[in-house]
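Scroll down for the structure; my scribbles are underneath it.
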Amino acid sequence: MITLQEAFALVERGELDAFGRDKIEIPERFNWAHEVFEGRHLKREPDRPALVWADDRDHELRLTYREFVEAGNRLLNLLRRLGLKEKQPLFVMLPVYPEVWLSYYAAIKGGFVLVPAATILSPSDIEYRFKQLRPGAVLADPVSAKKIDWAEMSTGQPIPIKLITGGVRPGWTSVDASRTEPTEASPAATRSSDPLFLFFTSGTTGLPKIVTHTHTSYPIGHLTTSAWVGVKPGDVHSNISQAGWAKFAWSSFFAPWNVGATSFSFYYSGRFDPRHQLQALQDHGVTTFCAPPTVWRMFILEDLSKYRFRFRECVSAGEPLNPEVIDAWRKATGVTLRDGYGQSESTLMVGNLPGREIKAGSVGFPSFLYDVRVVDEHGVEAKPEKEGNIAVHLPSHPPGLFVGYLGASPEVTAKAFRGEWYFTGDRAYRDADGRFWFVGRADDVIKSSDYRIGPFEVESALAEHPAVAEAAVIGSPDPIRGALVKAFVILKPGQVPSRELARDMFLFCRTRLAHYKIPRILEFCPELPKTISGKIRRTELRTTETETRKRKEHLPNEFLYADVVKTEESRPAGSAPSAP
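The numbering used here numbers the first residue of the sequence shown as 161 and each following residue consecutively.
If you want it as C-alpha cells, here you go:
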C-alpha cells in the first residue's frame with residue numbers, strides 16, 4: 161500500500177512506475193484543501209504564485225499560495241456567516257473568473273457540495289437543475305444572476321444565499337463583502353466518501369444525469385491527470401475550458417495544484433481569439449498546456465513561427481486529434497501533442513504519458529489508478545485489434561471513478577455498472593502492444609467545440625414547434641468544431657418546407673435551448689430511417705451525412721443557421737473581476 165502523501169510525492173517527482181499495482185491507502189477523513197493545498201504547497205512555498213489570471217483588456221491578478229488561501233478563507237467565512245452548512249449544494253455559474261478557483265477551494269475546505277454550471281446554460285436548463293437539486297447557495301455574475309432569478313421564480317423555491325461578482329443586483333450579496341472576513345478558517349472534517357462535485361452530464365436517451373464525485377474521486381483521482389499532463393512543482397500550467405465543465409476541474413484546478421504548480425488562465429470578454437491566446441501563452445511563460453481539439457485546429461492555422469513558447473508538455477483532451485494536427489504542432493514548437501481519455505465520470509483513465517513512445521492516433525495506455533480493458537457486452541475481453549466497449553474493472557473501485565448517478569433510475573445505473581465492470585459508453589480497440597485506439601461514442605452524444613450535447617434535449621425542443629411531426633438530431637462533421645448540431649425534421653401534414661419556416665424553427669430553438677445546443681443545420685425530410693422496433697437509426701443518418709459533407713454537397717430543403725438567422729455573436733462585456 162502507498163500512503164496518500166507518498167502518492168502525491170511520487171506524482172510530483174514523476175516516478176509513476178513506483179505505483180505498480182499498489183493501491184493508495186485512503187484515510188477515512190480527507191480534506192484536500194487543508195491537507196494538500198495548505199499542508200504541502202502553502203507550507204513549502206507560500207510565496208509561489210498559485211493563480212495568475214489575465215484578460216483581453218490588460219487586467220491581471222496574481223495570487224501567491226498564501227494570498228490565495230487568505231482570499232479563499234474569507235470567501236468560506238462569508239458563506240458560513242450567511243448560513244451555508246456542510247453538505248449543502250453551492251451552485252457556481254461564472255465565466256472563467258478568479259472566483260471560480262476560490263469557490264472550489266472554499267467549498268472543499270468547508271465541506272460544501274459543488275454544482276458547477278456553464279454560463280451558456282439557458283434559464284430552462286437552470287430551472288431543470290434546480291428542480292433536481294435545490295442549492296443552498298448560488299454564486300454568479302450579473303448575466304447569469306438574471307437567469308438564476310428567473311429559474312428561482314419558476315420553481316417557486318427561494319434560494320437562501322445568492323452571491324454576485326462583477327456587478328450588483330437586488331436580492332444578491334456582493335462577493336466584495338468577504339473582504340472584511342477573517343483570513344483564517346477551520347477545515348470541515350470531511351469524509352473521503354462524502355460527495356464533493358455534482359456534474360450534470362447529457363445523454364442520448366434522457367435529460368442530463370447527475371454525476372457524483374467524492375472528496376476522494378476528484379482530488380486524489382486527478383493524480384492521474386497531473387501525471388498525464390506532466391506538470392511539476394514550479395510549472396506554469398494553462399488549460400482552455402469554460403468554467404462549469406468537468407474539464408475545468410480536471411486541468412485548471414487539480415492538475416496543477418496537486419503538485420504545487422501555478423495555474424494560469426486567459427479570459428476573453430468577447431469571442432475566442434487564437435492569436436491573442438497564443439501571445440498570452442508566450443508572454444506568461446506557460447510550460448504545460450492543455451486544450452481541446454477545436455483550439456488545436458485553430459492554432460495550426462496561425463503563423464506559429466512568430467512566437468517563442470516555453471512549452472515542455474502539451475496535451476489534448478475531448479476526442480482524438482488528427483495526425484496532421486499533431487505533426488503541424490510538433491514542427492512549429494518542437495513539442496509532441498499527447499492525447500488522453502477520460503470522462504466527467506472519471507479522471508484521466510488512458511493516456512500517452514510524458515517520455516513514452518507515442519503512436520499518432522492512439523490515446524495510449526491505462527493510467528496507474530485504473531484497470532481499463534476492451535470488452536464485449538458480457539464483459540469478455542476482446543482480442544487485439546477487435547473493437548469493443550471501453551470498460552473499467554471494478555473488483556476494487558478506482559479512486560478516480562464516480563460513485564454513481566444521483567437520483568438516476570435503476571435502468572440508467574444498470575447500463576453503466578454491470579457486474580464487475582463500469583461501461584463507459586465509448587468504443588475502442590487495443591493493438592498488440594496494449595495501446596488503446598478510440599473509435600467513438602457507443603451512444604449518440606454530439607461533441608461540438610468541446611461541448612457534449614444530448615440529441616434528446618434538442619429533439620424535445622423541436623417537437624414543441626407546431627409544424628414539427630418528428631425530429632432526429634445528429635452531429636454533422638465540421639473541420640473546426642468537430643461536429644455541428646444538425647436536425648432532420650419531418651413536418652406535419654399541410655406544412656411546406658421553406659426558408660421562412662426554417663428561420664422560425666431556429667428562433668424557436670433559441671428560446672428553449674442554450675446557445676451551443678441550437679441546431680446549426682436543419683433539413684426537412686419526408687421520413688427517417690428506423691429499426692423494426694421503431695427506433696431512429698442515427699448511425700445511418702450520420703453515415704449519410706458524412707458522405708454528403710465529403711462531397712461538399714448542399715441538399716434541397718437544407719438550411720444553415722448562419723444563413724437564415726441574423727446572429728448576435730458578441731456578448732456584453734462585464735466588468736473585470738477581482739479576488740475577494
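Note that the Cβ used here is the ideal one computed from N, Cα and C, for glycine as well.
Asked                                                                                                                                                                                     : Found
Which parts of the stretch 554 to 640 are runs of the alpha helix (DSSP H), unbroken and 4 residues or longer, counting only runs that do not cross its ends?                             : 570 to 576, 615 to 623
What is the rounded straight-line gap between the Cα of residue 441 and the Cα of residue 498?                                                                                            : 18 Å
For residue 407, count neighbouring Cβ atoms within 10 angstroms of its own Cβ and tell me buried if that reaches 16, exposed if not.                                                     : buried
Which value, in whole angstroms, describes the spacing of the CA atoms of residue 607 and residue 344?                                                                                    : 43 Å
Which one of 255, 178, 702 has the shortest CA to CA distance from residue 430?                                                                                                           : 255
Residue 509 and residue 532: beta carbons closer than 8 Å?                                                                                                                                : yes
Kindly give me the distance between the Cβ atoms of residue 646 and residue 633, rounded to whole angstroms, as I take these residues to be in contact under 8 Å.                         : 7 Å
Take every Cβ of the stretch 612 to 631, pair it with every Cβ of the stretch 584 to 602, and state whether three or more of those distances are shorter than 8 Å.                        : no
Are the beta-carbon atoms of residue 452 and residue 518 separated by less than 8 Å?                                                                                                      : no
By the 10 Å Cβ neighbour count, where 16 or more other Cβ atoms means buried, how is residue 364 classified, buried or exposed?                                                           : Note that residue 364 scores a pLDDT of 42, beneath 50, so its modelled location is shaky; the value from the coordinates is reported in the next line. So residue 364 counts as buried.
Does the CB of residue 356 have a neighbour CB from chain D at under 8 Å?                                                                                                                 : No chain D appears in this structure, which consists of one protein chain only.
Excluding the 5 residues preceding and the 5 following residue 692 in the sequence, name in chain order all residues of the same chain whose CB lies nearer than 7 Å to its CB.           : Note that residue 692 scores 47 on pLDDT, short of 50, meaning its location in the model is unreliable and no value can be drawn from it.
For residue 167, count the other beta carbons within 10 Å of its own beta carbon; 16 or more makes it buried, fewer makes it exposed. Which is it?                                        : buried
Based on the DSSP output, what are the partners of residue 643 in its beta bridges?                                                                                                       : 637
Could you name the residues of the same chain whose beta carbon sits closer than 8 Å to that of residue 348, not counting the 5 residues immediately before and after it, in chain order? : 191, 246, 269, 270, 271
Rounded to whole angstroms, how far is the Cβ of residue 252 from the Cβ of residue 231, which I believe are closer than 8 Å?                                                             : Their Cβ separation, rounded to whole angstroms, is 16 Å, which puts residue 252 and residue 231 out of contact at 8 Å.
Would you mind sorting residue 690 into buried or exposed? The rule is 16 or more other CB atoms within 10 Å of its CB.                                                                   : exposed
What is the rounded straight-line gap between the Cα of residue 368 and the Cα of residue 289?                                                                                            : 9 Å
Starting from the Cα of residue 198, find the closest Cα among 216, 265, 514 and give me that residue.                                                                                    : 265
Below 8 Å between beta carbons: does that hold for residue 450 and residue 477?                                                                                                           : yes
Within the same chain, show all residues whose beta-carbon is closer than 7 Å to that of residue 480, passing over the 5 residues directly before and after it, in chain order.           : 499, 521, 523, 598
Using three-state DSSP, classify residue 493 as helix, strand or coil.                                                                                                                    : helix
Mapping DSSP to helix, strand and coil, what is residue 351?                                                                                                                              : strand
With distances taken between CB atoms, is the gap from residue 259 to residue 299 smaller than 8 Å?                                                                                       : yes
To which residues of the same chain is residue 579 closer than 7 Å at the C-beta, ignoring the five residues directly before and after it?                                                : 539
Pick helix, strand or coil for residue 179, following the three-state DSSP scheme.                                                                                                        : coil
Would you kindly check if the distance between the Cβ of residue 282 and the Cβ of residue 673 is under 8 Å?                                                                              : yes
For residue 121, which of 719, 569, 567, 556 has the nearest alpha-carbon?                                                                                                                : Residue 121 lies beyond the residue range present for the chain, which begins at 161 and ends at 740; the question has no answer from this structure.
Which two residues bound the contiguous alpha helix (DSSP H) that contains residue 308?                                                                                                   : 302 to 315
With DSSP collapsed to three states, give me the class of residue 513.                                                                                                                    : coil
Once you ignore the five residues that flank residue 456 on each side, which residues in its own chain have a CB closer than 8 Å to its CB?                                               : 476, 481, 485, 489, 497
Can you give me the C-alpha to C-alpha distance between residue 743 and residue 275, rounded to a whole angstrom?                                                                         : Given that the chain is displayed from residue 161 to residue 740, the structure contains no residue 743 and the question cannot be resolved.
When DSSP labels each residue in this structure, what does residue 399 get in the three-state scheme?                                                                                     : strand
Label residue 435 either buried or exposed according to how many other C-beta atoms from any shown protein chain fall within 10 Å of its C-beta, with 16 as the threshold for buried.     : exposed
Just how far apart, CA to CA, sit residue 209 and residue 536?                                                                                                                            : 48 Å
Say whether the stretch 171 to 181 touches the stretch 407 to 420, bearing in mind that this needs 3 or more beta-carbon pairs closer than 8 Å, one atom from each stretch.               : yes
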